[in-house]
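Undergrad: So for the sequence shown, this note's numbering puts the first residue at 486; every next one is plus one.
The beta carbon of each residue, even a glycine, is placed where N, CA and C say it ideally should be.
On a predicted model such as this, the values are computed, not experimentally measured, just so you know.
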Amino acid sequence: MKIACIGTGFVGVVTSTVFASHGHEVVGLDIEKNKVESLSKGEVPFFEPGLSELLKKTLADGHLTFTTSYENAIADAEIIFIMVGTPSAADGQADLKYVFASAESMAPYLKEDAIVVVKSTVPPGTSKKVEEIIKQKTEIPFTTASVPEFLREGTAVEDTLHPSRVVIGATDKKAIEKLTQLHRPLSDKIIIMKPESAQMSKYAANTYLATRITFINQIADLCEKNGADVQEVIAGIGEDSRIGDHYWYPGFGYGGSCFPKDVSELAAYSRAVGESNNLMNKVHELNSARTPYLMKKLEEKVGGWKDKQVAVLGLAFKPNTDDTRQAPSIAIIEYLQQSGANIFGFDPKAKWTGKKDNFSQKESLEETLIDADVVIAVIEWPEIISFDFSKTKLNKKQFFIDGRNQFDPAIVKNWNYTYLGIGRK
Ligand code: UGA
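1) By Cβ distance, which residues of its chain are closer than 7 Å to residue 765, with the 5 residues on each side in sequence left out?
2) Is the beta carbon of residue 625 less than 8 Å from the beta carbon of residue 597?
3) Just grab the DSSP bridge partners of residue 579 for me.
4) Residue 495 and residue 532: beta carbons closer than 8 Å?
5) I need the boundaries of the alpha helix (DSSP H) containing residue 556, first residue and last residue.
6) Following a CB-centred definition, is residue 803 positioned closer than 7 Å to any heavy atom of the ligand UGA?
7) Return the first residue and the last residue of the beta strand (DSSP E) that residue 487 is part of.
8) For the ligand UGA, is there any heavy atom lying closer than 7 Å to the beta carbon of residue 690?
9) Quick one: complete beta strand (DSSP E) runs, 3+ long, within the segment 593–660?
10) Taking all protein chains shown into account, do 16 or more other C-beta atoms lie within 10 angstroms of the C-beta of residue 673, making it buried, or fewer, making it exposed?
11) Once the 5 residues before and after residue 906 are set aside, which same chain residues still bring their CB inside 7 Å of it?
12) By the three-class DSSP mapping on this structure, what secondary structure does residue 904 have?
13) What's the gap between the Cα of residue 489 and the Cα of residue 636?
14) Taking 7 Å as the cut-off, is the beta-carbon of residue 696 closer than that to any non-hydrogen atom of the ligand UGA?
15) So for residue 795, helix, strand or coil by DSSP?
16) Where does residue 709 sit, in a helix, a strand or coil, going by DSSP?
17) Is there contact here, the segment 737–744 with the segment 786–799, by at least three beta-carbon pairs under 8 Å?
18) Assess, as a yes-or-no matter, whether the segment 763–777 is touched by the segment 696–714 under the definition of 3 or more beta carbon pairs within less than 8 Å.
19) Exposed or buried, what is residue 811 when buried is set at 16 or more other beta-carbons lying within 10 Å of its beta-carbon?
20) Can you tell me whether residue 506 is helix, strand or coil according to DSSP?
21) Identify, in the order they occur along the chain, each residue of the same chain with its Cβ nearer than 6 Å to the Cβ of residue 742, setting aside the five sequence neighbours on each side.
22) Is DSSP giving residue 873 helix, strand or coil here?
23) So, for residue 912: in the same chain, excluding its five sequence neighbours on each side, which residues have a beta-carbon less than 8 Å away from its beta-carbon?
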């Protein structure tokens, strides 16, 4: 099939590359010339396992090209995916200006019976607005649909090649058939629904997962009050198939470009539609307060942050990405800076771009741990959780904060550190 992918951000590059790898003729479009030039050379502007190799392969096979021209991308396309950014607006809801601008720009070049698919995360009702915008500029018959994205950073290629399900929000029979045909080789779980339901499914999935993390973080806080170990509690509840034992890592709170944004957007949307007394508002509030709350509690345990040498391990918002958007490390480092600590940071891929006051990023774990009074293992990068910290133990009292409960407290104590986990002694 001939496919156009508008927007070469994270979702755009992964989606266009995966469809091209299945032999479709894909054109990726972006208004930023630099991005188009580097992608055309096979350069991915961020780290995502497996993506660079697949991009190079699909470019070489001739299945994928990039352009800045709407005419080039749209004129032949049977399916057009809108995958542009939807930053949060001042009122907290999704700002749809880029979605609407792309709809307006593509309209004059649309081919008859083209299917315009919104993949960006947008509130219910957006496909109808996109349709109205396009209709103002063309008489050509076309349809719209909504196919939300459920990929995770760090496993994005795998998630797109083998999605757990594909949700198609559409009402037009021909569009449903064609989108099913496109996605069938990727998954046999194709769920057809109204566009509004598809858009709500995306918000509901992310908000549920964010709520689950917030819930286990709160259970961890209660465990600390009574001597229970949250990891044992997770084992105790996880065997119940209604609950499950996955996606239960307590820590400094969720981050990334999706959960914080999607939860606060759904909260803002709920307020806008007169449903303000709900969970979404509270989850966002609790997660935003999570890191300062923990840092304050830990401050007492380590005897104050002032003048302490602190090693912050893991600057990305999670392993296998160089993305630091809304990463817990940002709030941790800012808290430490304000508290007068000296900070060394380490991450295998991500670079710290915040204020450098009392902070320097090191190239190796060994350098980061030089002279540390407190080690904070924030993110469960394999390099960090498999490191032998006995090698770097100094001849002084050192605290080891296991921000993800990835270490065995007995081993850390054996290394001679004072162990501080989340929701466990
Ligand atoms: C998330 C969703 O998992 C994807 O399904 C969705 O498509 C994506 O958002 C999106 O909307 O584009 P992602 O942000 O890449 O994907 O990362 P996750 O692996 O879900 O982690 C999100 C945050 O939650 C991270 O900060 C992670 O460390 C944290 N987390 C995750 C926990 O604190 N505890 C856990 O048990 C799991």
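TA: To lay it out plainly:
1) Short of 7 Å from the beta carbon of residue 765, and not among the five residues preceding or following it, lie these beta carbons of its own chain, in chain order: 692, 748, 751, 752 and 755.
2) Less than 8 Å divides the Cβ of residue 625 from the Cβ of residue 597.
3) Answer is 573.
4) In this structure, residue 532 does not lie closer than 8 Å to residue 495 by Cβ.
5) From DSSP, the alpha helix (DSSP H) with residue 556 extends over 555–559.
6) Yes; taking the cut-off as 7 Å, the Cβ of residue 803 has a heavy atom of the ligand UGA nearer than that.
7) Run containing residue 487: 487–491, per the beta strand (DSSP E) assignment.
8) For residue 690, the shortest separation between its Cβ and any heavy atom of the ligand UGA lies below 7 Å.
9) Segments of the beta strand (DSSP E) lying fully in the segment 593–660: 599–603, 627–631 and 651–654.
10) Exposed, by the Cβ-count rule.
11) Correct list, in chain order: 887, 890 and 894.
12) Strand, per DSSP.
13) If I take the Cα positions, the gap works out to 19 Å.
14) No, the ligand UGA has no heavy atom inside 7 Å of this Cβ.
15) DSSP places residue 795 in strand when its eight states are reduced to three.
16) Three-state DSSP puts residue 709 in a helix.
17) Fewer than three pairs of CB atoms, one per stretch, sit closer than 8 Å, so the segment 737–744 makes no contact with the segment 786–799.
18) Yes: at least three Cβ pairs fall under 8 Å.
19) Classification for residue 811: buried.
20) Helix.
21) Apart from sequence neighbours up to five positions away, the residues of its chain that approach residue 742 with a beta-carbon distance below 6 Å are 810, ordered along the chain.
22) Correct three-state label for residue 873: coil.
23) An answer regarding residue 912 cannot be provided, because it is not within the stretch 486 to 910 covered by the chain.
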